[in-house]
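Okay, so here's the structure we're looking at.
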Amino acid sequence: MPENQTETDQNIRHDWTVEEVEALYALSFADLMFRAQTSHRQNFDPNAVQVSTLLSIKTGGCAEDCGYCPQSVHHE
1 MPENQTETDQ NIRHDWTVEE VEALYALSFA DLMFRAQTSH RQNFDPNAVQ
51 VSTLLSIKTG GCAEDCGYCP QSVHHE
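Under my numbering, the residues of the sequence shown are numbered 1 to 76, in order.
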């Protein structure tokens, strides 16, 4: 395995047939969600929860340096 390639990268397919893609489109939303959850559980801790927060647009306290964003403390 190349140094910068992860185990997950080995499972990514680029050889889908038209029939396989059509079969995915034909699946119900619940079946697609189940497949996504199964894939997620194979690659990530199923009990871990990513916690994200949003800053108020009025605080201007975001530490990121996005020159286009008025929420950034670096914005002029």
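Built from N, CA and C at the ideal position, the CB exists for glycine as well. Treat the numbers as computed from the prediction; the structure is a model and nothing was measured.
Span separating the alpha-carbon of residue i from that of residue j
{"i": "Gly67", "j": "Ser52", "result": "22 Å"}
{"i": "Val49", "j": "Thr17", "result": "35 Å"}
{"i": "Ile12", "j": "Ser39", "result": "11 Å"}
{"i": "Phe44", "j": "Gln37", "result": "10 Å"}
{"i": "Gln42", "j": "Arg35", "result": "11 Å"}
Own chain, CB closer than 7 Å to residue i, minus 5 neighbours either side, in chain order
{"i": "Asp31", "result": "none"}
Residues near residue i by beta carbon distance below 8 Å, same chain, minus five either side
{"i": "His14", "result": "none"}
Test: residue i CB closer than 8 Å to a CB of chain D
{"i": "Ala30", "result": "No chain D is part of this structure, which consists of one protein chain only."}
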